[in-house]
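These protein sequence lines are chains A and B, in that order.
Quick note on the working numbering: the first sequence kicks off at 4 and runs consecutively.
Quick note on the working numbering: the second sequence kicks off at 23 and runs consecutively.
Just below is one structure, and these are the notes that go with it.
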Amino acid sequence: MKRLIALLTLTLLLTACGQSAATPTPVPSATAAAYPAASDAPTSIPAYPVATDAPTSVPAYPVATDAPASAGQTLVIMTHDSFSVSEEVLAAFTAQTGILVQVLKAGDAGTVLNQAILSKNAPLADLLFGVDNTFLSRALEADIFLSYDSPALAAIPAELRLDASNRLLPVDYGYVTINYDTATLESAGLTPPTSLEDLTKPEWRGKLVVEDPSTSSPGLAFLLATISHFGEEGDYTWKEYWRDLRANEVFVSSGWSDAYYTQFSGSSGAGAYPLVVSYATSPAAEVYFSEGALSAPPTGNLLVPGGSFRQIEFVGILKGTQHEDLARQFVDFMLSETFQADIPLQMFVYPALPSAPQPEVFTQFAEVPSQPAGLTPEQIEAGREIWLSEWMEIVLR
Amino acid sequence: MKTLRLSVLASKPIRLLPGGLALAFLLVFFFYPLGAILGLSFAEGLAGFWAVLRDDYTWRVLGFSAAQAALSTLLTLLVGLPGAYVFARYHFPGREVLRAVAGVPFVMPTVVVAAALGALLGPRGLINLGLQALFDLPQPPLRIPNGLGLVLLAHTFYNYTVVLRMVGGFWANLDPRLEQAAALLGASRWRAIREVTLPLLAPAIGAAALLIFIFTFTSFGVVMILGGPRMATLEVVIYRQTAQLLRLDLAATLALLQAGCTLLLSLIYTRLAARSAIPLDRLPRTAVARRPQGVAQHLLVGANVLVILVLLATPLVALVVRSLLGPEGLSLGYYLALGENRSNSAFFVAPLTALSNSLRIASATAIIALLVGIPAAYLLGNAPCKQPRSWCGAIFNLIDALFMLPLGTSAVTLGLGYLVALSTPQLAGLRSWPWLIPLAHSLVALPFVIRALLPTLRGLNPRLAEAAALLGASPWRTWLWIELPLIMPAIITGAVFAFTVSLGEFGASLLLVRPDAPTLPVMIFRLLGQPGAINYGQALAMSSILMLTTAVSFIALERIRPPGAEM
């Protein structure tokens, strides 16, 4: 009988655990993602406010008294897993406007956009951040965004504003490029290649890791860079280039994490390949995330002509939102200096606003490629499917 | 004997109600979202459907998916069956811990396993560094290329525990006197195994093989990362078509093909399994297992312990060692860093929070899977059919196979199915329902619960329950005191797997849009998404925490005992 009681107690306990998944649990400061200012908030915060419902949440902090009718309303932003922002910066927005911000992270950038497209009859959020220029055309064609001529756009360079209808507004940009492992190249007596063509030479046989463009966004960006550089017509197109890369034993990894950490020799994972397709800010990130152990990056950027691709990330207000006015306020905030200056160290990309100050680690170690690939979003959307299947035919099969 | 089966479950229609509810669960939470995404995918016609079926590439991928799954299953059985025997028949020190360790790989994200293999066998991994230091070599001597070999190895690494628990759990209660009787009658040891033990074990071995086959048939991360992009299963192609191209019609066709194969295979299995069950008296494990005696038995136990240590434990240990190696040698730096919000991010998640998110979802999953799986298993195990070969038997075989389907259905497709099904204004509110993730996980967990239970249920000797009824016990009392203790080991096996499936699953939690309540695997992925020593170190530290949590949970789950049971 004792055992029976023990079993029942345990079952009840487990059930209780299970139910705590159902009832909103007190959110410790850690998960206060939705509530920047709530780190010391009481426990009454609903953990899961519903996007489209009228917000049931009570602001857990003193609302700015001059805040207008928007005070206490919740704005939901859907974005990719790499999105980040400082607690203080989100708190500043809430203090300014009285609007609570909730963030739904929904996978990688492509997945997030797909989810937004498939749920357009009942949008999951008020705003979507993280559509990049490789997906811009698909996003615009799906017609899921509302146009917003933000006054803040005036300060953003025209070259970043790829959508003339202002349905998608540029927030940040970064460069996909090849990183090299300084120590390994030195000990092998190699000087970094100076052109994309060099990578097909014997001394670089079995030295480069790229990501599969059909499963990875830096992989796609690098493929687009080579398409832009070598072109689709002539004797030596991007296809011949990739045939040569394959013959030179390029290693294709399925995603950035595996490529960078397991295959690349310059990362903490200590792999076998000294060259990897990554980001121009990765060397700076290596210094920043070394906890002071490094004063110079262990890796360098291979800024060869045509070897870089600029990814621009956009924000848009989702059609069907009940909070268009609040969403506009947040878009303006994202383009303001407060938010823009926070971007580099949170997401390791460059702010779209040129006047936003950049941290020292960026000015020192993050180089900007001179001529990134020049494909328009329309060209990318039109070519994507065929390029990917041709690439797979050439490199994988 | 056929007509007087389990007392509580005499075939009155009312007894079928719990099983009917289980079936309704499957309809609502699996078939409805699946139907929604299929409907949307083919809304513009079947051109894509036919194009996929006419493409040679589809059939090559299908062939590869099936071939590598068959090889993986065979290899896992070969390595796992001796282990199952040893764990069922012998007591030896460290047995419980080893069994828990064997289950840890099941929850590990593939990226982490790849990193673990790198930390162990990579050019600057522990083994190469050790060999280089030992023999003064300039170059790392060992290089393991990605490819089919690594895929098979990884599948064995992941699924060893399925054989150990599914077969071992069944074997542990099998009366060894049957084999001894055969030996007394002059059968050789091999003949006794072949003609007595194996036929009795067949349902459990078949169940394990089916689960492993389906699991590896739909393998995604292992094939993509360890096999390299040149290898593709249907699931990998589905992901490509969906994530990059949003070609839902092509993805849906491939998903249907994959599900169709799963269904076909499950049907074949259920037909065979329903006929091969033999009712038996089951002995408590204490009466079955003993200490190894003599050189041969010690060698056998030792060899299997070695397999677990070398195949399963060393990569995991390499990971833990790596997580403890900071820039200045041994330190807990990465573990401590997990608790600090260094960059002041609004999305910082303390490890304890991620841990409790994981445990909460996994516990909820285990409870749902048992609440649905036990009635479902009773429904299938006590089909009210007079003849197993009648239309009635065929229907129940089909229902059995349908319950296996979630395991063989593309997670990408099903995730989008939930999204589409819940994207009508009426149902949109349900998208943030906290039970949604455990529900989605429990669909994948259900096949494990049902497969663990069915061989035991079908093998129950009905005379025990009849005797209790004759002695005046009520049906409920008979179930609680006679039947529950007998099926408890199988229930625990099912619960362990349900818990594990949820603990390691990140796909569904990524696909279903949720407010930020990340689990351990999700956090590991986020950490591995940024360059830098501290991110990598923290990801490995977080993985070590996940491993420890898993092992401890297994040991705790196994200590659950029903009333009066000696397992």
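We put the CB at the ideal spot given by N, CA and C, even for glycine.
Check	Outcome
Unbroken alpha helix (DSSP H) run spanning B:Ser378, endpoints	Pro373 to Gly403
Proximity test, Cβ basis, 8 Å: B:Ser367 and chain A	yes
Rounded C-alpha distance that separates A:Ser32 from B:Ser241	Any reading at A:Ser32 needs caution, since the residue's pLDDT is 33, under 50, leaving its predicted position unreliable; the model's value is listed next. Each residue's Cα considered, the two are about 37 Å apart.
Distance CB(A:Gly177)-CB(A:Gln367) smaller than 8 Å	no
Runs of alpha helix (DSSP H) wholly within the region 251-312 of chain B (minimum 4 residues, chain order)	256-265, 270-298 and 307-310
Rounded C-alpha distance that separates A:Ser168 from B:Leu458	37 Å
Environment of A:Arg387 [buried if 16+ CB atoms lie within 10 Å]	buried
Paired residues, beta bridge with A:Asp175 - DSSP	A:Glu316 and A:Pro354
Residue-chain proximity (A:Gln332, chain B), Cβ-Cβ < 8 Å	no
Any C-beta of chain A under 8 Å from that of B:Tyr647	Nothing can be reported for residue 647 of chain B, as the shown portion of chain B is limited to 23 through 589.
Three-way DSSP call (helix, strand, coil) for A:Val88 in this model	coil
Chain B contacts made by the region 107-135 of chain A, where a contact means CB separation under 9 Å	Leu107, Lys108, Ala109, Gly110, Asp111, Gly113, Thr114, Val115, Leu116, Asn117, Gln118, Ile120, Leu121, Ser122, Lys123, Asn124, Ala125, Pro126, Leu127 and Ala128
Test: B:Gly559 CB closer than 8 Å to a CB of chain A	yes
Nonlocal neighbours in the same chain, by C-beta distance under 7 Å from A:Gly133, ignoring five residues either side	Thr82, His83, Phe86, Ala112, Val115 and Glu316
C-beta atoms of B:Ala265 and A:Thr77 nearer than 8 Å	no
Separation of B:Thr336 from B:Lys172, as counted between CA atoms	Sequence inspection shows Leu at residue 172 of chain B; the Lys mentioned does not correspond to that position. Cα to Cα, the separation comes out at about 15 Å.
Helix, strand or coil at A:Gln325 [DSSP, three-state]	coil
Test item: CB-CB of B:Arg211 and B:Ala205 under 8 Å	yes
B:Val616 classed as buried or exposed, judged by whether at least 16 other C-beta atoms fall within 10 angstroms	Nothing can be reported for residue 616 of chain B: it is not among the residues displayed for chain B, which extend from 23 to 589.
Selected residue, minimal CA-CA separation from B:Leu424, among B:Val544, B:Trp455, B:Leu286 and B:Gln560	B:Leu286
Residue-level contact to chain A via CB, B:Ser432, 8 Å cutoff	no
Environment of A:His232 [buried if 16+ CB atoms lie within 10 Å]	buried
Pick from B:Gly102, B:Ala277 and B:Gly243 that is closest to B:Leu256, judged by C-alpha positions	B:Ala277
Test: A:Arg246 CB closer than 8 Å to a CB of chain B	no
Proximal residues of chain B, C-beta to C-beta of A:Arg313 below 7 Å	Under the 7 Å cutoff, chain B gives no residues; its nearest Cβ is about 19 Å from A:Arg313.
Candidates B:Leu354, B:Ala520 and B:Val471: closest to B:Gly403 by CA position	B:Val471
Among B:Gly147, B:Lys408, B:Ala58 and B:Thr284, nearest to B:Ala340 - alpha-carbon criterion	B:Gly147
Alpha-carbon spacing of A:Pro221 relative to B:Arg297, whole angstroms	53 Å
Short CB-CB distance (under 8 Å) between B:Thr264 and chain D	Any reference to chain D falls outside this structure, whose protein chains are A and B.
B:Tyr180 versus B:Phe237: straight-line alpha-carbon distance, rounded	10 Å
Span of the beta strand (DSSP E), counted from its first residue to its last, around A:Asn304	Thr302 to Leu305
Of the residues A:Ser298, A:Pro301, A:Ser89 and A:Leu149, the one placed nearest A:Gln343, counting alpha carbons only	A:Ser89
Straight-line gap, B:Thr500 to B:Leu43 (C-alpha atoms, nearest Å)	23 Å
Residue from A:Val371, A:Leu305 and A:Pro286 whose Cα sits closest to the Cα of A:Leu297	A:Pro286
CA-to-CA distance, A:Leu278 to A:Tyr183, given in whole angstroms	5 Å
Among A:Val179, A:Glu189, A:Leu156 and A:Leu188, the one whose alpha carbon lies nearest that of A:Pro173	A:Leu156
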